[in-house]
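Comments concern the structure below.
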Amino acid sequence: MAVIIDGKALAKKMQSAIAAEVAQLQAKYGRPPGLAVLMVGDNPASAAYVKNKETACLRAGITSFGKHFPASVTQSELEQVIDQLNADDRVDGILIQLPLPENLDAIALLNRLAPEKDADGLHPNNLGKLVRGEDGLRSCTPAGVMELLAEAKIDIAGKNAVVIGRSILVGKPVALMLLEKNATVTIVHSRTKNLAEITSKADILIAAIGRPEMITADMVKPDAVVIDVGINRVTDDAGKSRLVGDVDYAGVSAVASHITPVPGGVGPMTVTMLLHNTVCSYRRKFIQ
Ligand code: NDP
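Position in the sequence shown (from 1) plus 3 gives the number in our numbering.
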């Protein structure tokens, strides 16, 4: 059976270290780091993620400047809010909770963030720095995936890594981060032919698809390391709802060497890396 890479435990450890650092920084520089999470509408999954992020901020001593807007909010109202937060010295990080309602232009809003406050690393400056291998704010979920691999002491250099999914939020940045660590990276997506043939050659398999339990044991190389980014709510035959990943956990655990569970794998690391990025931005402001 695969070793479970426990994201919850790693998140707890990293969040206590962040809280200790925040207490020291506050004592030295006179104010806590601040994070603003912008949420629009009432998508229940987004609301739950935002609540987790705010609770984690509170625990770490980071001030939360969360703002929740009705679905009727306009592009220009959001632009004004972003401009105010960009100019607010108490705010070190800003995160726009995605997805936004379709009438809003998410890319234009991401582009408007001050790059040094772009807590999810999605501004073109930060994505550009990732492409160039420079220091910058890095997207939280992919950065969390890399922390999980490091914690489990997975050797990445020279390994075949296959990333399923090519979103800006997860697939593309995680592929670049694996490449930076010298993996041989393949990205596959909905138009890929012979998907299983490619996934079954992966030493490291990252699933970021949004399709419940799509990756089955026959698609996985024996002893592969499997990171399941997917979060999908499904309802079983008895009408009970639960969260599952993109990987068939029971089947794949029997062939993989390491696997992340859902929940308790990548999810808690996304929140942790958000706190980490906020503190990094704060430090850069005071310590250059
Ligand atoms: P997107 O919908 O933006 O991207 C999904 C990707 O999967 C696309 O590139 C798509 O291909 C590809 N895909 C879809 N169907 C197939 C298929 N049948 N075969 C191969 N590839 C396919 O999703 P995100 O990247 O934003 O999120 C992916 C998953 O990760 C979701 O379940 C999401 O909830 C979860 N997530 C979890 C986070 C966490 O903290 N754990 C944070 C963020 C996301 P194409 O480009 O061709 O359409």
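The beta-carbon is built from N, C-alpha and C at its ideal position, and this holds for glycine as well.
Rank the options by C-alpha distance to the C-alpha of residue i and give the top, closest one.
| i | options | result |
| --- | --- | --- |
| A146 | M42, E82, K243 and A14 | A14 |
| V94 | V84, P102, L101 and M180 | V84 |
| A22 | G10, I8, A164 and G37 | G37 |
| I159 | A117, K196 and D206 | D206 |
| A109 | G96, S256, A153 and Q78 | Q78 |
| G268 | K204, A211 and A117 | A211 |
| V177 | C143, G213 and A155 | C143 |
| V53 | Y285, E82 and L98 | L98 |
| K184 | M217, L133 and R214 | L133 |
| R194 | V173, P215, M217 and R169 | R169 |
| V237 | D221, G254 and P215 | P215 |
| P102 | N46, N114 and E82 | N46 |
| C60 | K31, M42, G96 and G213 | G96 |
| V326 | K31, N280 and I230 | Here the chain comprises residues numbered 4 to 291, so residue 326 is not present and cannot be evaluated. |
| N55 | M222, M272 and S284 | M272 |
| I157 | I262, A50 and V173 | I262 |
| D221 | M42, L116, G248 and Y252 | Y252 |
| R115 | Q100, E105 and E82 | E82 |
| E57 | G248, Y285, E80 and Q100 | Q100 |
CA-CA distance, residue i and residue j?
| i | j | result |
| --- | --- | --- |
| L208 | V274 | 22 Å |
| L294 | P73 | Lying before the first or after the last residue shown, residue 294 is absent from the chain, which here runs from 4 to 291. |
| P225 | A26 | 45 Å |
| L130 | L107 | 21 Å |
| M149 | A12 | 15 Å |
| H71 | V40 | 8 Å |
| G44 | R34 | 31 Å |
| P264 | V228 | 12 Å |
| Q18 | L278 | 8 Å |
| E154 | S75 | 43 Å |
| A20 | V282 | 11 Å |
| D9 | A259 | 15 Å |
| R287 | D121 | 13 Å |
| V250 | S256 | 10 Å |
| V232 | G270 | 8 Å |
| A111 | I290 | 30 Å |
| E24 | Y32 | 12 Å |
| M276 | L151 | 11 Å |
| V223 | K204 | 8 Å |
| K196 | K175 | 19 Å |
| G254 | G248 | 13 Å |
Quick check: does the Cβ of residue i come within less than 7 Å of any heavy atom belonging to the ligand SAH?
| i | result |
| --- | --- |
| T219 | Questions concerning the ligand SAH fall outside what the structure shown contains, since the ligands it does hold are the ligand NDP. |
Inset, instruction - Specify whether the segment 136-143 and the segment 82-94 touch according to this definition: at least 3 beta carbon pairs, one from each stretch, less than 8 Å apart. - result: no
Inset, instruction - With a cut-off of 5 Å, give the chain-ordered residues whose Cβ is closer than this to any heavy atom of the ligand NDP. - result: T144, G168, R169, S170, L172, V173, H192, S193, A211, I212, G213, V232, G233, I234, V269, G270 and T273
Legend entry - Segment contact, 8 Å Cβ cut-off, at least three pairs: the segment 118-127 with the segment 64-73: no
Inset, instruction - Answer yes if the segment 187-200 comes into contact with the segment 237-244, meaning at least three C-beta pairs across the two stretches below 8 Å, and no otherwise. - result: Not touching, per the Cβ criterion.
Legend entry - contact_flag[the segment 186-193, the segment 154-172] where n(CB pairs < 8 Å) is 3 or more: Yes, since at least three Cβ pairs between the segment 186-193 and the segment 154-172 fall closer than 8 Å, the two stretches touch.
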